[in-house]
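S.K.:
Number of protein chains: 2
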Amino acid sequence: MADVAARAGVSVATVSKVVNGRYGVAKETVELVQGVIEEMGYAGNLSASSLRMQQTNVLGILVASFEPFSAELLKGAAAAAEGSGYELLAHSGGDNHGWERRSLARLGGTLIAGAVLVTPTVLDARTVVPVVAIDPHYGPNRLPTIDADSFTGAEQATEHLISLGHRRIAFLGGRSELDSAHLREAGYRNAMAEAGIPVDQALVRETRYVPDRAAEVTRELLMMKDRPTAIFAANDITAMRAMDVAHEFGLAVPEDLSIVGFDDVPEASLATPSLTTVRQPMQSMGAAAMTMLLDLINGVEREPHVRMATELVVRGTTTEPPVELVTAVEPALVVPAARGAVDA
Amino acid sequence: MADVAARAGVSVATVSKVVNGRYGVAKETVELVQGVIEEMGYAGNLSASSLRMQQTNVLGILVASFEPFSAELLKGAAAAAEGSGYELLAHSGGDNHGWERRSLARLGGTLIAGAVLVTPTVLDARTVVPVVAIDPHYGPNRLPTIDADSFTGAEQATEHLISLGHRRIAFLGGRSELDSAHLREAGYRNAMAEAGIPVDQALVRETRYVPDRAAEVTRELLMMKDRPTAIFAANDITAMRAMDVAHEFGLAVPEDLSIVGFDDVPEASLATPSLTTVRQPMQSMGAAAMTMLLDLINGVEREPHVRMATELVVRGTTTEPPVELVTAVEPALVVPAARGAVDA
DNA sequence: CTGTTAGCGCTTTCAG
DNA sequence: CTGAAAGCGCTAACAG
Chain A
1 MADVAARAGV
11 SVATVSKVVN
21 GRYGVAKETV
31 ELVQGVIEEM
41 GYAGNLSASS
51 LRMQQTNVLG
61 ILVASFEPFS
71 AELLKGAAAA
81 AEGSGYELLA
91 HSGGDNHGWE
101 RRSLARLGGT
111 LIAGAVLVTP
121 TVLDARTVVP
131 VVAIDPHYGP
141 NRLPTIDADS
151 FTGAEQATEH
161 LISLGHRRIA
171 FLGGRSELDS
181 AHLREAGYRN
191 AMAEAGIPVD
201 QALVRETRYV
211 PDRAAEVTRE
221 LLMMKDRPTA
231 IFAANDITAM
241 RAMDVAHEFG
251 LAVPEDLSIV
261 GFDDVPEASL
271 ATPSLTTVRQ
281 PMQSMGAAAM
291 TMLLDLINGV
301 EREPHVRMAT
311 ELVVRGTTTE
321 PPVELVTAVE
331 PALVVPAARG
341 AVDA
Chain B
1 MADVAARAGV
11 SVATVSKVVN
21 GRYGVAKETV
31 ELVQGVIEEM
41 GYAGNLSASS
51 LRMQQTNVLG
61 ILVASFEPFS
71 AELLKGAAAA
81 AEGSGYELLA
91 HSGGDNHGWE
101 RRSLARLGGT
111 LIAGAVLVTP
121 TVLDARTVVP
131 VVAIDPHYGP
141 NRLPTIDADS
151 FTGAEQATEH
161 LISLGHRRIA
171 FLGGRSELDS
181 AHLREAGYRN
191 AMAEAGIPVD
201 QALVRETRYV
211 PDRAAEVTRE
221 LLMMKDRPTA
231 IFAANDITAM
241 RAMDVAHEFG
251 LAVPEDLSIV
261 GFDDVPEASL
271 ATPSLTTVRQ
281 PMQSMGAAAM
291 TMLLDLINGV
301 EREPHVRMAT
311 ELVVRGTTTE
321 PPVELVTAVE
331 PALVVPAARG
341 AVDA
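One line per chain: the protein sequences are A and B, in this order.
In case it helps, the UniProt record's numbering puts the first sequence at residues 1 to 344.
In case it helps, the UniProt record's numbering puts the second sequence at residues 1 to 344.
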């Protein structure tokens, strides 16, 4: 800006006024300065101006990392922000603990005027800027929130497997801090209970949504003597890793092992075979979060919690269990039941 | 930071030293300050620190808007940046002219240490920070660049339609400022020429990749008395809008009208029927760009231009042209040919 | 109408 | 080892 001022023969203050369209500058001066700005291709430094003004016209989308799920949310949020007059800044803070608080503190207040947080886990208190959470942590939560009906979705997925004849159904859980992860496990357990199938604790595992961890857990499951005939994973990425491991073991999916995921990220339908999964409307969720954020900023009153419907999408990774395993497994199931302890 | 200093009973200078791990602070003071930081959940203001330091550990991905294409690039770039020690900031500057220069000026120098630019059109000169372009503008270009082989991809798409028996093939062009858009049109024209099919100029249209514009152009094409039997669109989004318009007109895709896109964004395979398209390896392109940027920053010498292969993906939107149109059109084609001018 | 001045939150000399 | 002071690029009062 100093360069522009020097070239135009005015002070930086004057340039600043021109840039921000403030009153009190002679028409000729405005034109002169604008000419120089054009010619030099000057554009103000965002850090400096936002630091000074204590406000911006930028909204943030804060994620732990840019994976398929957050990318879908981003598309939806961007579409909703279109025409709002705000620019968008998406920030990935790295997966380390407390990224949400850290990102928000680093960007909030100056750089961004508000934020959409994706799967935050360590945040609840009042924040510096308006915030909307997508799929946040388990437990009491005062943040305006968008999420999907994970419980029902998980029930549907599990019922689908049960209706195909599966009894030994493993559950690859997500991150226990997330409300959605809890609900998916609860939905699984509920569907099993309703069908009168005892849940074998050895088949309920946690992956923290880390693909390598999912692979490891799946290997352990498939090496069991009474291996499961189906796996329900709490998200698509881990489900797809489970598919990879099945192939490692020489098992055909779905003939030898059925797999269901959760989310319906674009990659799910592109897998071979394409993944049966529970769809959450990610782009709509992103858009809803952005709309809610905009409302918050503009002081529009509204219901601060939106839960969206999920939908089972049956594709190529689920079918009846292999006959030899069904018959081989049934007796094993009967023994503990006979002890009267399992069939809750 | 002042709050932390006050609470710890030290100066802000000392807090700063602790935060940045500078030498020359008593061990006890360090621990005291760190305790307070922890307790207060303090995290430094990115604008302020980067403004002062004139450098950051953040890399930018600058796009006009977050649509499916840039979202895929983003996933790839994020994967490549993993473990590099850099955080990522994706910025959408709004679609207005000159967004690339503007975004770069506003973020560069202070906020970000380097940037990947997606489809920039008004940038060439030396920039403040290292920059890598993905799919940049037409004409001489000194920026390190990643792009896909649009020419060959467009040829393959057009040949595919020709081999199915299509002769009246429309081309929905992209943004003429982009090199890739030129190459796609050139590939189309080349394939037509090789097959000895004259290109009807009325069938070659521009959409600027604006969906609504694509819809409008498609309507015009479908209202022609000699309407095309196939449309090759320069990207998937416009191709999908063309599908919508075909349905408006009561035309079945592909029976009445074949359509081919370009990109293979996730949405393409999810369309009904799923879109035949030319795949560019978007995630790999994003990763390659990020790797190149990292090399640039670290002073690693390497070839500054990478062109990636494309691949025709035949799905559900292409088939033979309807019989009545083939026979109806042939004579029209013969007349100008008889004049000896067209069959170049 | 224009320029001088102070200060946004932070880091970095440089005295104490 | 610690703190006072200057300054990063910008904007908002306020004088001139």
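Every residue, glycine too, gets a C-beta built ideally from N, C-alpha and C.
Show which residues of chain A have a CB atom less than 9 Å away from the CB atom of residue 92 of chain B.
M.R.: Here residue 92 of chain B refers to the residue found at position 92 when the second sequence is read from its first residue. Under the 9 Å cutoff, chain A gives 78, 81, 87, 88, 89, 90.
S.K.: Compute the Euclidean distance between the alpha carbons of residue 257 of chain B and residue 229 of chain B, then round it to the nearest angstrom.
M.R.: Within the second sequence, the letter at position 257 stands for residue 257 of chain B. Within the second sequence, the letter at position 229 stands for residue 229 of chain B. Taking the straight line joining both Cα atoms gives about 5 Å.
S.K.: Would you list the residues sitting across from residue 91 of chain A in a DSSP beta bridge?
M.R.: Position 91 of the first sequence, counted from the first residue, corresponds to residue 91 of chain A. Residue 91 of chain A pairs with A/62, B/89.
S.K.: Apply the 10 Å Cβ neighbour rule to residue 116 of chain B and answer buried if 16 or more other Cβ atoms are within range, or exposed otherwise.
M.R.: Indexing the second sequence from 1 puts residue 116 of chain B at position 116. Its Cβ being crowded by 16 or more others within 10 Å, residue 116 of chain B is buried.
S.K.: Closest by CA to residue 139 of chain A, which one among A/155, A/102, A/213, A/182?
M.R.: For this step, residue 139 of chain A is matched to residue 139 along the first sequence. Residue 139 of chain A has its Cα closest to that of A/182, out of A/155, A/102, A/213, A/182.
S.K.: How about the region 157 to 167 of chain B and the region 314 to 321 of chain B: do they share at least three Cβ pairs that are nearer than 8 Å?
M.R.: The region 157 to 167 of chain B vs the region 314 to 321 of chain B: in contact.
S.K.: Would a check of beta-carbon distances place residue 154 of chain B closer than 7 Å to chain A?
M.R.: As a working mapping, residue 154 of chain B is identified with position 154 in the second sequence. Chain A, which has no Cβ nearer than 7 Å to the Cβ of residue 154 of chain B, makes this no.
S.K.: With a CB to CB cut of under 6 Å and the five nearest residues on each side skipped, what residues in its chain are close to residue 274 of chain B?
M.R.: Position 274 of the second sequence, counting from 1, holds the residue named residue 274 of chain B. Here the set comprises 315, 316.
S.K.: Quick one: grab the DSSP three-state call for residue 139 of chain A.
M.R.: Here residue 139 of chain A corresponds to residue number 139 of the first sequence, with the count starting at 1. Residue state, collapsed to three classes: coil.
S.K.: Which stretch, first to last residue, makes up the beta strand (DSSP E) that contains residue 256 of chain B?
M.R.: As a first step, residue 256 of chain B must be located in the second sequence, where it is residue number 256. It is not in any beta strand (DSSP E) - residue 256 of chain B carries neither H nor E in the DSSP assignment.
S.K.: Check the DSSP bridge columns for residue 311 of chain A and list the partner residues they point to.
M.R.: In the first sequence, residue 311 of chain A corresponds to position 311, counting from 1. Answer by DSSP bridge pairing, in chain order: A/279.
S.K.: Excluding five sequence neighbours on each side, which residues of the same chain lie with their C-beta closer than 8 Å to the C-beta of residue 91 of chain A?
M.R.: Sequence index remark: in the first sequence, residue 91 of chain A carries index 91 (1-based). These residues qualify, in order along the chain: 60, 61, 62, 63, 103, 107.
S.K.: Output the distance between the C-alpha atoms of residue 234 of chain B and residue 156 of chain B, rounded to the nearest integer angstrom.
M.R.: In the second sequence, the residue the question calls residue 234 of chain B occupies position 234. In the second sequence, the residue the question calls residue 156 of chain B occupies position 156. The straight-line gap from Cα to Cα measures roughly 13 Å.
S.K.: Roughly how many angstroms lie between the CA atoms of residue 113 of chain B and residue 58 of chain B, to the nearest whole one?
M.R.: Within the second sequence, residue 113 of chain B is the residue found at index 113, counting from 1. Within the second sequence, residue 58 of chain B is the residue found at index 58, counting from 1. Spanning the two alpha carbons is a distance of roughly 6 Å.
S.K.: Since residue 12 of chain B and residue 2 of chain B should fall inside the 8 Å C-beta cutoff, what is the C-beta to C-beta distance between them, to a whole number of angstroms?
M.R.: The residue you call residue 12 of chain B lines up with position 12 of the second sequence. The residue you call residue 2 of chain B lines up with position 2 of the second sequence. The pair is a contact, with the Cβ atoms about 6 Å apart (cut-off 8 Å).
S.K.: According to DSSP, simplified to helix, strand and coil, what is residue 264 of chain A?
M.R.: As a working mapping, residue 264 of chain A is identified with position 264 in the first sequence. Residue 264 of chain A: coil per DSSP, three-state reduction.
S.K.: For residue 290 of chain A versus residue 81 of chain A, is the C-beta spacing smaller than 7 Å?
M.R.: Reading the first sequence from its first residue, position 290 is the one you call residue 290 of chain A. Reading the first sequence from its first residue, position 81 is the one you call residue 81 of chain A. It is a contact, given that the beta carbons lie within the stated cut-off.
S.K.: Give, in chain order, every unbroken run of the beta strand (DSSP E) that is at least 3 residues long and sits entirely within the region 140 to 187 of chain B.
M.R.: If we require 3 residues or more, the beta strand (DSSP E) runs fully inside the region 140 to 187 of chain B come out as 145 to 148, 169 to 173.
S.K.: Tell me the DSSP secondary structure of residue 248 of chain B in three-state form.
M.R.: What you label residue 248 of chain B is simply residue 248 of the second sequence in a count that begins at 1. Reduced to three states, the DSSP call for residue 248 of chain B is helix.
S.K.: Based on Cα-Cα distance, which residue from B/8, B/17, B/46 lies nearest to residue 39 of chain B?
M.R.: One-based indexing of the second sequence puts residue 39 of chain B at position 39. Cα-wise, what sits closest to residue 39 of chain B is B/8.
S.K.: In angstroms with no decimal places, state the Cα-to-Cα distance between residue 211 of chain A and residue 266 of chain B.
M.R.: On the first sequence, position 211 is the one that residue 211 of chain A refers to. On the second sequence, position 266 is the one that residue 266 of chain B refers to. Distance between the alpha carbons of residue 211 of chain A and residue 266 of chain B is about 21 Å.
S.K.: Counting only beta-carbon atoms, is residue 75 of chain A nearer than 7 Å to chain B?
M.R.: The residue labelled residue 75 of chain A in the question sits at position 75 within the first sequence. So yes, residue 75 of chain A belongs to the interface.
S.K.: Spatial neighbours of residue 202 of chain A within its chain, please: CB distance less than 8 Å, with the 5 preceding and 5 following residues excluded, ordered by chain position.
M.R.: Counted from its first residue, the first sequence places residue 202 of chain A at position 202. For residue 202 of chain A, where only same-chain residues beyond five positions count, the Cβ hits under 8 Å are 224.
S.K.: Measure from the alpha carbon of residue 215 of chain A to the alpha carbon of each residue in A/325, A/145, A/240, then state which is nearest.
M.R.: Taking the first sequence and counting its residues from 1, the one referred to as residue 215 of chain A is at position 215. The shortest C-alpha separation from residue 215 of chain A is found at A/240.
S.K.: Ends of the alpha helix (DSSP H) at residue 217 of chain A?
M.R.: The count along the first sequence starts at 1 and reaches residue 217 of chain A at position 217. Its alpha helix (DSSP H) spans residues 211 to 223.
S.K.: From this set, B/128, B/41, B/213, which residue's C-alpha is nearest residue 41 of chain A's C-alpha?
M.R.: Mapped onto the first sequence, residue 41 of chain A falls at position 41. Checked all of B/128, B/41, B/213; the closest Cα to residue 41 of chain A is B/128.
S.K.: Pick helix, strand or coil for residue 105 of chain A, following the three-state DSSP scheme.
M.R.: If you number the first sequence from 1, residue 105 of chain A lands on position 105. Residue 105 of chain A falls in the helix class under three-state DSSP.
S.K.: Just curious, the beta strand (DSSP E) that residue 117 of chain B is in, first and last residue?
M.R.: The residue given as residue 117 of chain B occupies position 117 in the second sequence. Its beta strand (DSSP E) spans residues 115 to 118.
S.K.: Please check the pair residue 174 of chain B and residue 152 of chain B, which I expect to be a contact at CB under 8 Å, by giving their CB distance rounded to whole angstroms.
M.R.: In the second sequence, the residue the question calls residue 174 of chain B occupies position 174. In the second sequence, the residue the question calls residue 152 of chain B occupies position 152. That pair is no contact at about 16 Å.
S.K.: Starting from residue 33 of chain A, follow the alpha helix (DSSP H) in both directions and report where the run begins and ends.
M.R.: What you label residue 33 of chain A is simply residue 33 of the first sequence in a count that begins at 1. From DSSP, the alpha helix (DSSP H) with residue 33 of chain A extends over 27 to 40.
S.K.: Going by beta carbon distance, what residues of the same chain come within less than 6 Å of residue 87 of chain A, once the five residues before and after it are set aside?
M.R.: Counting from 1 along the first sequence, the entry for residue 87 of chain A is found at position 87. Excluding sequence neighbours, residue 87 of chain A sits near 58.
S.K.: What's the gap between the Cα of residue 66 of chain B and the Cα of residue 162 of chain B?
M.R.: Position 66 of the second sequence, counted from the start, is the residue given in the question as residue 66 of chain B. Position 162 of the second sequence, counted from the start, is the residue given in the question as residue 162 of chain B. Near 34 Å, if we compare the C-alpha coordinates of residue 162 of chain B and residue 66 of chain B.
S.K.: Expressed to the nearest angstrom, what Euclidean distance is found between the alpha-carbon atoms of residue 120 of chain B and residue 136 of chain B?
M.R.: For this step, residue 120 of chain B is matched to residue 120 along the second sequence. For this step, residue 136 of chain B is matched to residue 136 along the second sequence. Their Cα atoms are separated by approximately 5 Å.
S.K.: For residue 238 of chain A, which residues in the same chain have their Cβ closer than 7 Å to its Cβ, ignoring the five residues on either side in sequence?
M.R.: As a first step, residue 238 of chain A is located in the first sequence; it is residue number 238 there, counting from the start. Counting only Cβ-Cβ distances below 7 Å, and skipping sequence neighbours, we find 172, 207, 209, 211, 214.
S.K.: Can you check whether the C-beta of residue 342 of chain A is within less than 7 Å of a C-beta belonging to chain B?
M.R.: The residue labelled residue 342 of chain A in the question sits at position 342 within the first sequence. With a pLDDT of 35 at residue 342 of chain A, under the threshold of 50, the modelled position of that residue is not reliable, and no figure is offered here.
S.K.: Of the choices B/49, B/55, B/14, whose alpha-carbon is the least far from that of residue 36 of chain B?
M.R.: In the second sequence, residue 36 of chain B corresponds to position 36, counting from 1. Closest option to residue 36 of chain B, Cα to Cα, is B/14.
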